[in-house]
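In our numbering, the protein residues as written are 1 to 174.
Where a beta carbon is used, it is the ideal one built from N, C-alpha and C, also for glycine.
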């Protein structure tokens with residue numbers, strides 16, 4: 001059984017943001033209804049049986065192959081802006097074949113890296129650069145950027161990163 005909790009007053013950085021496939025609004029600019037902040041974020045924690053073994057050394061961490069136990073998602077459409085963000089166990093996407101993201105590349109993705117240091121603290125690798133890059137992509141895709149202006153680290157606080165006990169690379173920052 002999945003556990004669900006609510007986190008109050010959180011702004012987030014998003015792993016996946018999809019545009020909807022249909023809209024009645026003919027305006028091509030970002031929604032004026034796009035929220036500046038979120039008062040609630042749904043968090044569904046992964047059960048121990050859903051978690052994969054953590055890597056035992058930094059050599060096992062490979063781009064595109066090592067993932068967190070959790071992911072954050074938020075949908076957006078031009079009529080209503082951003083919907084409430086959800087952090088949930090890592091899962092596959094269910095997407096309609098006619099979704100714009102598959103045909104017109106209306107998509108944002110940013111794979112932020114995290115490492116656990118020898119002091120057992122989790123460090124994000126260049127999070128400001130990741131958010132700047134995601135903000136530029138949002139502007140190019142005509143998606144509202146207010147959601148990226150401030151960020152919290154809700155996934156980091158779950159303590160479920162795939163980084164295991166691996167050391168932070170020398171180029172990493174807190």
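Taking residue 136 as part of the alpha helix (DSSP H), name the residues at either end of that continuous run.
First-last of the alpha helix (DSSP H) with residue 136: 127-140.
Can you tell me whether residue 68 is buried or exposed, with buried defined as 16 or more other CB within 10 angstroms of its CB?
The residue is buried, with at least 16 neighbouring Cβ atoms inside 10 Å.
Alpha carbon of residue 62 to alpha carbon of residue 129, nearest angstrom
Going by C-alpha positions, residue 62 is about 20 Å away from residue 129.
Nearest-angstrom Cα separation, counted from residue 97 out to residue 127
If you take the alpha carbons of residue 127 and residue 97, they lie about 32 Å apart.
Rounded straight-line distance, which links the Cα of residue 117 to that of residue 102
Those two C-alpha atoms are separated by around 38 Å.
May I ask which residues mark the beginning and end of the beta strand (DSSP E) holding residue 70?
In this chain, the beta strand (DSSP E) harbouring residue 70 covers 70-77.
Is residue 40 buried or exposed, if buried means 16 or more other CB atoms sit within 10 Å of its CB?
Exposed is the call here.
Are there 16 or more other CB atoms within 10 angstroms of the CB of residue 175, so buried, or fewer, so exposed?
Because the chain is modelled from 1 through 174, residue 175 falls outside the range shown and cannot be assessed.
In chain order, what residues of the same chain lie with their CB nearer than 7 Å to the CB of residue 49, ignoring the 5 residues before and after it?
Contacts found: none.
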